[in-house]
Amino acid sequence: MSAVVIGHMNPDTDSIVSAIAAADLYSKRGVDAIPAAQGAPTPETAFVLDRFGVAAPRIVNDVAGQELFLVDFSDLPQAPAGMDSATVLGIVDHHKLGDVTTSSPLEAWIWPVGCTGTVIKNMYDFYGVEIPPAIAGCILCAILSDTVIFKSPTCTDADKKAVEELARIAGVDDPVALGMEMFRVKSAVDGASMTDLVFRDYKDFDMNGKKVGIGQLEVVDLAMLDDIKNGLREELARVKGEGRHSVFLLLTDIMKEGSEMLIVSDDPSVVESAFGVSCEGDTVWLPGVMSRKKQVVPNFEKAFK
187 MSAVVIGHMN PDTDSIVSAI AAADLYSKRG VDAIPAAQGA PTPETAFVLD RFGVAAPRIV
247 NDVAGQELFL VDFSDLPQAP AGMDSATVLG IVDHHKLGDV TTSSPLEAWI WPVGCTGTVI
307 KNMYDFYGVE IPPAIAGCIL CAILSDTVIF KSPTCTDADK KAVEELARIA GVDDPVALGM
367 EMFRVKSAVD GASMTDLVFR DYKDFDMNGK KVGIGQLEVV DLAMLDDIKN GLREELARVK
427 GEGRHSVFLL LTDIMKEGSE MLIVSDDPSV VESAFGVSCE GDTVWLPGVM SRKKQVVPNF
487 EKAFK
């Protein structure tokens, strides 16, 4: 049976591309591995895969009894069903180390960089394996997505260096122009349901025993969302009603470099505690906040203690 390489729930471009790239690398190292995803590609990811002619991985929601490589996560709340009987062989990630445990040693690459794709690019280099041009292009886009075209505070010199080298391999002359094209696709909301938008890039977290959901929509202009904010608020209330203490949705304007946060919480004061801003009503503007991983989750974890 092939080992399954899989990313987190509600997969973004990094999660799906990393599964594809890592499966390619593991296979070339002699490990029988196949990519998988916990959901269909988002419009942005579909654009990237189509741009470079790469097939989307199969969808897997239960991994009971299987061997796994985890990419772009190591938190159990973001894992598929069946983890209690699965065997984790390796982790490749750029987030904090989560609560996944193993009964045997594993191969772990966990780096403080802006994208799991950057880690995988360096894994290819370390093992002396050539990156196929199509996969290089997809990894490049994943890095541009996760670092918000280098504007996110999570972006490092390693991410920029990886993009430069991947662009040469993939034949991309202007990575920033490609990134802007990608973000225009990512910003599209026409025809999408409120559920699809809230869960386009969404994760649940355990914060001091409380279930907290944090989603993010990145757009090139917040005005694009004016007509649907009430619908988003209604969907957030529905999601919170499923047993969560709080649900927050970041509406990130990549040009203004900040985020408006929609708030549905049993205790909205945690927002003020986390960010030091007065919170009146169900929304607050957070200047300079671009990264859920680095600027939002750690602040809330402190506020919930």
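Under this note's numbering, think of the first position of the sequence shown as 187, with each following residue one higher. Even for Gly, the Cβ is constructed at its ideal location relative to N, Cα and C.
Residue i and residue j closer than 8 Å at C-beta
i	j	result
A272	L283	no
G401	V384	yes
L435	L411	no
E446	L408	yes
K132	V450	As shown, the chain starts at 187 and ends at 491. That puts residue 132 outside it, with no answer to give.
A294	L326	no
N196	D387	yes
V299	A328	no
E443	K337	yes
G399	V433	yes
A348	F238	no
M368	E421	no
Helix, strand or coil at residue i [DSSP, three-state]
i	result
K491	coil
I317	coil
Y336	The question names Tyr, but residue 336 in the sequence shown is Phe. Reduced to three states, the DSSP call for F336 is coil.
M187	coil
T273	strand
I192	strand
T304	helix
D175	Since the first residue of the chain shown is 187 and the last is 491, residue 175 is not available in this structure.
I440	coil
P221	strand
T288	coil
P229	helix
K282	coil
Residue environment, residue i, which counts as buried when at least 16 other CB atoms sit within 10 Å
i	result
V191	buried
T287	exposed
L262	exposed
G474	exposed
S312	Checking the displayed sequence, the identity of residue 312 turns out to be Phe instead of Ser. Exposed, by the Cβ-count rule.
R478	buried
E428	exposed
Presumed contact (8 Å Cβ cut-off) between residue i and residue j, rounded CB distance
i	j	result
C324	V257	That pair is no contact at about 13 Å.
R430	K397	5 Å
V358	L364	6 Å
Worksheet item: Okay, do the region 327-347 and the region 304-319 touch, 3+ Cβ pairs below 8 Å being the bar?
Response: yes
Practice prompt. Please determine if the region 218-238 and the region 194-203 are in contact, where contact requires at least 3 C-beta pairs separated by less than 8 Å.
Written response: yes
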